[in-house]
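Report on one structure; see the data block that follows.
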Amino acid sequence: MLTVLILVPLVGALAVAFVPRAQVRPVGLAFGLASLAYGLLVASRYDVDGGMQMTETHTWIEAMGVHYALGLDGLGLMMVLLTVAIVPPVMLASWKESESPEGRGARSFFAWVLALEAMSLAVYTATDVLLFYVVFEATLIPAYFLIGGFGRSGRGRAATKFLIYQLAGGLILLASVIGLYVVSADAGNPSFLISDLAALDIDPVTQRWLFVGFFVAFAIKAPIFPFHTWLADTSEKATPSTSVLLVCVLDKIGTFGMLRFCLGLLPDASQWATPVVVVLALISIVYGALIAIGQDDVLRLIGLTSLSHFGFIVLGIFVFNATGGTGAILYMVNHGIATALMFLVAGFLINRTGTTLISQMGGVEKHAPILAGSFLIGGLAACGLPGLSPFVSEVMVIIAAFDHHWLVGSVAVLAIVLAAIYALWMYQRTMTGADRTGVAPVADLDRREVGIVAPLVLALVLFGFFPMPLLDVINPFVHDSLTSVGISLEGGPQ
Amino acid sequence: MTDFVKPSIDYFELSPLLVVFAVACLGVVVEAFFPRALRYRAQVVVALVGLVAALVGVVLVARAVTTYDDGAARGVLAVGGTVAVDGPSLFIWGLVLALAIAGVLLFAERHLDGGVSAFAGQAAAVPGTDAESASIAAHREHTEIYPLMMFAVFGMMLFPAANDLLTMFVGLEVLSLPLYLLSGLARRRRLLSQEAALKYFLLGAFSSGFFLYGAALLYGYAGSMDFAAINEAVRNDVGSSSLLLIGTGLLSVGLLFKVGAVPFQAWTPDVYQGAPTPVVAFMAAGTKVAAFGALLRLFYVALGADRWSWQPMLWIIAILSMFVGTILAMTQSDIKRLLAYSSVAHTGFILVGVIGLQTSDQLADGEITSLQAVLFYLATYGFATIGAFAVVSLVRDSGGETTALARWAGLGKESPVVAAVFAFFLLALAGIPLTAGFVGKLAVFSAALAAGAWPVVVAAIAASILAVALYVRVIKVMFFDEPVGEGPSVTYPSVLTATTIAVGAVVTLVLGIVPGPVLDLAAVAGEFIR
Amino acid sequence: MMSLGLETLAAPPAVLAADLPDVGLAQFGQDPWWVILLKAVLIFVVLVVLTLFNIWFERRVVARMQHRVGPNVHGPFGLLQSLADGVKLALKEDIIPTAADKVVFLLAPVISVVPAFVVWAVIPFGPEVNFFGHQTPLQLTDMPVAVLFMLAIASIGIYGIVLGGWSSGSTYSLLGGLRSSAQMISYEVAMGLALVAVFLYAGSMSTSEIVAAQDRLWFGLILLPSFVIYVISMVGETNRAPFDLPEAEGELVGGFHTEYSSLKFALFFLAEYINLATVSAIATTLFLGGWAAPWGIEQLWDGANSGYWPVLWFFGKVFCFIFLFVWLRGSLPRMRYDQFMALGWKVLIPVSLAWIVAVATIRVISLEGEINRTYLVAAIAVLLVLTVGLMFLGDRKDQDAPFEVSDEPHDAFAGGFPVPPMPAGGAVRGAAAPLTFATDRTTVTAAAEENHE
Amino acid sequence: MQLYTPILALALLATGFAVFSVIMSAFVGPKRYNRVKVDSYECGIEPTPQPAGGGRFPVKYFITAMLFIVFDIEIIFLYPWAVNFDQMALFGLVEMALFIATVFVAYAYVWRRGGLDWD
Amino acid sequence: MTEYVVLSAILFTIGCVGVLTRRNAIVVFMCVELMLNACNLAFVAFARQHGNLDGQITAFFVMVVAAAEVVIGLAIIMTIFRTRRSASVDDASLLKY
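Protein chains in written order, with the numbering used here: chain A, 4 to 497; chain B, 38 to 567; chain C, 334 to 786; chain D, 1059 to 1177; chain E, 31 to 127.
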C-alpha cells in the first residue's frame, strides 16, 4: 500500500523524463493528481485509533540489519497528506514559468518535483532508521537541481550552499544513526528498525550524544536558529514553487524527525535537552519575525517568516504536554498550507511585476483585488488571525508554553505581535498605495491561478473553524508518543 | 641437511593466478611473433579472454573451497603456505579481475583520439623529434601495454593473497613495476607523463625499500617470514619488542605508500595527473584494492595480536588522510589531481574500517565485521573510480583531454548525459545515499564505531562533510557555471569506454540500492586463514 | 651494476655454507698461519712467473706459426724477454692525462689486477700433500660455493676495465671500456649457464669436490656441449682473438687502456694474462678432471695422483688451453662486433638453456629409473612445434617503411608541451662536433629498435 | 670464516703488489712535461672535450646491461637448483622448465624486436 | 650478529638520506639499491641468528627484484634524460599543485 504511494510519483518522474516534450506537463500533473488521489485513498483506510498501520517490512541489507520497512501513523499521515496536496498546486503554478532562462525545460522541473515528492513520501513513511536516512538524503538531489536549475541568478551558489548545509546535517544524522545501530548491536540485536530501537535501553550518556546528533541534523533541516542561514538565500534565489516544496514539505522533515527520533527513541535525552531547545526555539520565533520585518525581498521575507513558524513547532514539541504536541503537529500542516499560499501568490505577483523587491511594488490591490485578497489571507494566516487554521495551532502551542513556564509563553505571545507587523506591513507596502511597478495595471489572477489559490484558502478557512478531523488523527499519536516519553497526561486538549 | 620436501602446489586453487600470469606471458609472445597489424586485436582478445577465464576460475574456486581447519575461514594455504587462497583473497581477486576487465576496455579505446590509443606511439622517441613524428605518421602503438597490465594484475592478485612477507614483497613489486612504466606512456603531454613515471618510480622504490627493511626486522623478531609464525611470536612475546615495533612501522610505510595514505601521499596527485587516464583509472582502483587487501592481511593475520600498538598509529593516519586529502582536493584546479586527493581521502575512510578490527567473540551475531566492511568499500570505490576516470577521458578540447576544472564549466549543457554520469560518480564518492559509496561508508563507520573508535568516526563524519563541499563544487561547475570560451566538448567514445562507464555506473547504483548480495558475499568470504 | 647479480652473491656464501654438505671440505680451514701465508705467496709467485712465461710462449708460438723466430735474444730461447719488457715499462714515464679522473684512473688497474690473483685461491692444484711437514691440500682454500666465488670475483675485474675506460676522459677509452664490459658480460651469461650442467652432475659448487666427482669420467666428455660453450665463452670473456674487439686497433686504438702507460699499463697487461690462465684453470678443473692424471696414466702408474705429481698434470692441461688460445690467435681473423654479439646472445645462450633442460631430463631419467615416456615425448613434441611454429609466424619483414625524415620545422609545442630544440650540432659541442655517438638513430631503446631492422 | 682467511691473505698480497706498482711508476719513470702528451689521445687531431658526466654512448650498452642482469639472475636461481637437483628430481625438472620457459618468453621478445641486433 | 644488523641499519640510513638529499635521479636510484642491499644484509644476518634459511632465500628474491627495478628504473630515467638532457630530480618539476 505505502510502497505504491511512493511508486506513483516515482514512476511519474521517470515517465516525465521520457514522454514527448509536449506531454511533459499534462503527464506530470496527472501523476501529481494520481498521488493526491492515492494519498486520500490511503487516508481513508487509516484507522484513527493510532499506532503504526499498513506496515510492510522486507529485509534490505541483511548483513547490517537494514530493512525496507514502511508504516503510517498519525503524524506520518498528516505529512503524507500535506505532501500530496501541495504538489499539484505547485505544478499548476509553475505551468508557465517552469521554462528557466537558459531553456532548462519543464521536463526536468516536473521530473524533479515528482522525484522530490516520492522521496518525501518515503521519508514520512519509513520505519527503518537507515531507510529514513537514505531517503532523507535522497530528497536533496532533486531539491538541489530544483534550486540550481530554476530561479534567479546566483541560484547556483544558493543551491550549493543549500546542499552543503543539508548534507552536513545529513552526515551528522548518519553518525547518530550508526551510533544507534552500534548500540543495538552491543545489545545483541543489530537492527535499524525503529520498533527494535525503541525497545532499547540506552544509557544516558550515549543517549545524550545521539540526541545531539539527531537534533542538530534536524535543526539544520527545519531550520532552527543557529542553523538557519541557508534558508533565506535559498528562498530568495529559487522559484516560489521550489520554495513551497522546500519550506512546506521538505523542511517538515526536520520537525517530523524530532518527533519521531528525538522523542521516540531518545526520550530521556530529550527531556534533558529541553531547556536549551526551548530557548533556541524562542530565539527562532522572535529573531525570525524581527528580521522578516525589515526585508525588502518578498521571497526572502516569506522564507524568514518560516523560521519563526518552525520555532513555534519546535516549541510545541519540546514543552512536553499534549496540547503542545498536538498544536505542533497541527501547526506543521497549517504552516504548510499558509506558507504555500503566500509563496505562490508572491510568485504570481513577481511574474507580473518582474521584480521581487517590495520597494518597487505597490498599488496592486486596485487592479488585482483577488490577488491582493489571497495575499492578505495568506499574511493573516501567518500572523494567526482567528478563524484561519494557524490560529488554532498557535493558540495551542502558546497555551502549552504557558503551562511549561510563564516566561516562555510570554515570549511566544510577543511573536504574534511581530508577526502581525511583518504581515500587515508587507501587505501595505506591496498592495496598497501608489503603483511603483511600472507595469500597471497589474493583471488579476486568471482562472488557473484562482484554481490554485482557492483550495488553499478554502483549507485555511475550513481547518480554522473545524480542525477536528485533523486532531482526531493527531491526538492518538501524541498520546502514544508522550506516554513513551513518560509524561502522564493531564487531560488531552478539547 | 634437511631432506627436500616437495611443496604441494594447489594448482586448482591457484588457477586464477596462474591463468593471469600465463596470459601475461602469452601477451609477450604475441608481441614477439605477431605481425604489427594483428597485434592490437590479438592482445586485446588475449587479455580479455584471459581475464574472463580467471574470473570464472575465481568463481569455481570460491564454490569449491571448504572450511579451513574447522575455523571461521574458508580456503587453503597453497604452495607450502606462502599463498592463502581464502575468502578475502578470492573476493579481492574477483574484484581486481573485474576492474582489470574494465581497464582493458579503457586501454583498448582508440576512438577518442582520432583512431589512436591514449598511449605513446613510441615511448622511446623523444617528443618533438623526427622519430616521433614518424612514429605518429606510421600509427605506431605500444601493444606491450596489455602484457604489462596483465603482469600488474598478477601482482595485484598475489599481493593480497600473500601469506608471508617475502611473497608479499614480490607481489608488491610485480604489481608496481609495470605500473611505473605504464605511467610514463601518455601520448599527449609526454613530459608530464614521464615525470610522473619518474616520481612514481623513485618514491615507489623508496617505499618498497622501507617495506623490505621492515620485513627484515620482523623476520629478525620472529625468526620466520610466515604470518602465522609471526603472530605466534607476537602472542608469545618472544624477542625484542623494539624490533617488532620498528618493523611494523617500516612495513606500514611501504603499504601505506601504496594505498596513498597521508604522510606518504605525495606521489598520488602527480602520478594521477601525469599518467595516461586509462592507466590512472585502472591503477587507482586496482592498486587500492590490492594494497588494502595486503594491509588487512598483514595487520589482521600477522600483527593481529599486536593491534594495540598499531591501531593508534592508524587512527592518526586515517584522520590525517581524510582531512588532508579533502582539504587539498578543495584547492585543486585540475580534475585529475582533485580525484587524486579525493582518493587520498578515501584511503582515510577505508582505514577507518581497518581500525574496526575486533575478535569474533566481541561481535554480535549478524553484526558487520570490519573485514566485510572494508571489502565492500573497496568494491564500491573501485567501480566508482574507474568510472569517474573513464568519464574524464571523454572530456576534451583541441589539445586532448582537458582536465582543468575551469574548462569543465557548462558541461551539463554540452552533454547532460556525461555530466550526469560524472555527477553520479562524484555523489557516490561523496557517499550520498542510493549510491554504493553511501553503503560503503556506512559499513566502515559502523565497523569502526563498534570497535569503539568513535573519535575517528566523528572525524570521518566531519571530513565527509568537507568532502561533500568538494564534490558539490564540481557538480556546480558542470551544471551551473557559464562555460569559458567555447566550452568543453565531449567526444563520444566507442563501445569500449562506454561499456566501462556504464558498468561502473550500474554497479555503483545497484550496490547503493541492493548492496545485500555483495555484502553477503563479503560475509561469506569470512575471515582470513590464519 | 654490470655484474650486480653475481657480485652481490659474494655476500651470503658464508651462511650458505650452513646448508650445504661439508663432508668434503673438512680438510680445509685447518692450516696454521704460516702454511696459509706460504701458499699465498707461492700462488702469487707462480702467477707472476706464469704470466711472464705465457707472454714469451705466445710470442714464440705465434712467431712459429707465422714463420718468424720470435724473441730469442734475452736469456735462453729469449725466455727473459718478458721480464725485460716489464722492467722497461717500469722505467717509462707515468702519464696521467689532464682529462682523466685522477683517483679512479689510479684505482682502475688495482681493481683490475687484484681479483685476477684472488680467483686462484680456490683453484685446486693437487691432492693432500706433505707441505713442509704439514698435511694440507694443494689448494689455498675451498668452500661450498667456490665456483660462484670465482665468477663473482672475476666480475669485479670488469669494474677495473670500465672504470679505467671511463676515467681516462678519452672517447676511445670510453668506448673500449664499454665494449670490453659489454663483451665480458655477454659471454659471462653463456659461461655461467655452461657451468650449470657441471653442478648438476657434481652436486656441488666446491672445486675440490667437482674434481673428485670426475674421478671416473671427465665432465668435458659427458657434458661436451657445455664444455664447448665454456671454451668459446672463455675466449670471449678474456677478450682474446678472434674476439679481441675491445682492442681492435683499427677502430679503437688501444681500447680501454689507450691512455695508460708505465706500470699501470703493465698491471692491466698482467691481469689480462692471469685471466687467460684463470679461465684455463677453471676449464681444467671443471671439465678436464683438474689435477687428476689423464686417463691411462693412473692405470699404468699408481703414484700418478699422489704427492706433487698432480701439479704437473694440472699445469699440463692448463698449457693445452693456453696453446689453444695462441693457436686461435694465430689462425683466426677478428670477428665483426655484431657477429660476435649475435654469437653470444643468439646461439650460445639458447643452446645452453636447451642443453641444461636436456641434461636435467637425462638426469631425472637416470635418477627415477623410469619416467613416463609418453609425457616426455609429448613435451618435446609440443616444444618443437611451438618453436618452429612461432619462428614462421609473423614474418620479420612486417616492418613499416623506413622513416621519412620530415622537413617540417621544429614544433616547439609538439605533444601539447613546449619542447626545447636540440642544441645545434647535436648534444656534444666542440671543435670536432660531428663526431657524436649519440645521434637519435643510435639512441633508441629496445622496444623501439624494430624501426631499424 | 676459517675458509675465508686464506683468501684475505692472498687478496692483501695482491693489493699490496698492485698499489706498490702504481706508486712505484710515479717515482721511477722520468718526468718531462709536454702539453700534448697529457692530452687525450685522438689520432693526432685536437681532442674533443668530453661533455660532463663522462660523455654519451649508445643505448645499446644499457640494453645489454639490462639483459645481462636478467640472465644473471636466472643463473643465480639455476645454481642452487643444479646443486640440489638430485633431491628434487622430477619436481625440480618441471619447475625449472617452467622457469626457463618464462625467461625464454622475454628472451624471445627481445630477440624478435631487435634487442639483440647491433648495427 | 648485532654488528651486522647495525651495519645494515647504517647502510639503510645512508641510502635513505641519499634518496632524500641527492638530486641526480641516477644517484637517488643507486641509493635505493643501497637500501635494498642493506635489507639483504639484515636478512642474511637474521637468518644466521635464527639458524634457518628463510632470510637467505629472501635475499635471493630481493636480488631479483632489485634487478627488475634496475631495468625499469634505467628505462624511465633514460627516457627522461633523453628528453630533457638532465637527470636532476629538481628539473622534473612540471607537476605541482
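From the three backbone atoms N, C-alpha and C, an ideal C-beta is built for every residue, glycine too.
{"Item": "Runs of alpha helix (DSSP H) wholly within the segment 1113-1162 of chain D (minimum 4 residues, chain order)", "Value": "1117-1141"}
{"Item": "DSSP bridge partner residues for P277(C) (one or two, in chain order)", "Value": "With chain C covering 334 to 786 only, the question about residue 277(C) has no answer from this structure."}
{"Item": "Interfacial residues, the segment 210-226 of chain A to chain B, with Cβ spacing under 8 Å", "Value": "none"}
{"Item": "Strand pairing of F464(C), partner residues [DSSP]", "Value": "H467(C)"}
{"Item": "Other residues of its chain near L185(B): CB distance less than 7 Å, five sequence neighbours each side excluded", "Value": "P215, L218 and L219"}
{"Item": "Under 7 Å (Cβ pairs) to chain B, residues found in the segment 164-188 of chain A", "Value": "L166, I167, L170, A171, L174, I175, L177, A178, I181, G182, Y184, V185 and A188"}
{"Item": "Beta-carbon proximity of S38(E) to A72(E), cut-off 9 Å", "Value": "yes"}
{"Item": "Chain-ordered neighbours of F70(B) on chain D, where CB pairs are closer than 7 Å", "Value": "R1170"}
{"Item": "Among V378(C), L358(C) and V462(C), the one whose alpha carbon lies nearest that of Y641(C)", "Value": "V462(C)"}
{"Item": "Range covered by the alpha helix (DSSP H) that runs through Y563(C)", "Value": "L557 to E570"}
{"Item": "Under 9 Å between C-beta atoms of L51(B) and G87(B)", "Value": "no"}
{"Item": "Cutoff 8 Å; reference R344(B); Cβ partners in own chain excluding five residues on either side", "Value": "F336 and L394"}
{"Item": "Proximal chain D residues relative to V65(B), where beta-carbon distance stays under 7 Å", "Value": "V1163, A1164 and Y1167"}
{"Item": "Under 7 Å by beta carbon: chain E residues contacting M1124(D)", "Value": "V101 and L104"}
{"Item": "Beta-bridge pairing of R432(A) - partner residues as DSSP gives them", "Value": "Bridge partners of R432(A): none, in fact."}
{"Item": "Segment limits, alpha helix (DSSP H) that includes Y505(C)", "Value": "T504 to A535"}
{"Item": "Terminal residues of the beta strand (DSSP E) in which I64(A) lies", "Value": "Q56 to I64"}
{"Item": "Length of the line joining the Cα atoms of A760(C) and T109(E)", "Value": "The predicted position of A760(C) is uncertain, since its pLDDT is 46 and thus under 50; a value taken from the coordinates is nonetheless stated next. About 15 Å."}
{"Item": "Interface flag, E210(B) vs chain E, CB-CB below 9 Å", "Value": "yes"}
{"Item": "Close Cβ partners of H179(B) (< 7 Å) along its chain, the five nearest in sequence each way excluded", "Value": "F156, A157, A160 and L222"}
{"Item": "Neighbourhood of V476(B) by C-beta distance below 8 Å, restricted to the same chain and skipping five residues each side", "Value": "F413, T417, L548, G549, P552 and L556"}
{"Item": "Backbone CA spacing between G510(C) and L440(C) [nearest angstrom]", "Value": "15 Å"}
{"Item": "The segment 1143-1156 of chain D: positions lying closer than 7 Å to chain B by Cβ", "Value": "Q1145, M1146 and F1149"}
{"Item": "Top-ranked residue by Cα proximity to V279(A), from A331(A), L310(A) and F228(A)", "Value": "F228(A)"}
{"Item": "Opposing strand residues paired with Y71(A) [DSSP bridges]", "Value": "H61(A)"}
{"Item": "Inter-residue Cα distance where the pair is S559(C) and L526(C)", "Value": "8 Å"}
{"Item": "Burial state of V51(A), where buried means 16 or more other Cβ atoms lie within 10 Å", "Value": "exposed"}
{"Item": "M60(E) at chain F interface by Cβ criterion, 9 Å", "Value": "Absence of chain F from the displayed structure is noted, the protein chains being A, B, C, D and E."}
{"Item": "Delimiting residues of the alpha helix (DSSP H) encompassing L212(B)", "Value": "L202 to S220"}
{"Item": "Proximal residues of chain E, C-beta to C-beta of I1131(D) below 7 Å", "Value": "M93, V94 and A97"}
{"Item": "Nonlocal neighbours in the same chain, by C-beta distance under 7 Å from L203(A), ignoring five residues either side", "Value": "V186, S187 and A190"}
{"Item": "Beta bridge counterpart(s) of T104(B) as assigned by DSSP", "Value": "R111(B)"}
{"Item": "Beta-carbon contacts of A18(A) that lie in its chain and below 8 Å, excluding the five residues immediately before and after", "Value": "V30 and F34"}
{"Item": "Beta-carbon spacing of I793(C), L473(C) below 9 Å", "Value": "Here chain C covers residues 334 to 786 and nothing more, so residue 793(C) does not appear."}
{"Item": "E269(B), DSSP secondary structure in three states", "Value": "helix"}
{"Item": "D123(B) and F565(B) closer than 9 Å at C-beta", "Value": "yes"}
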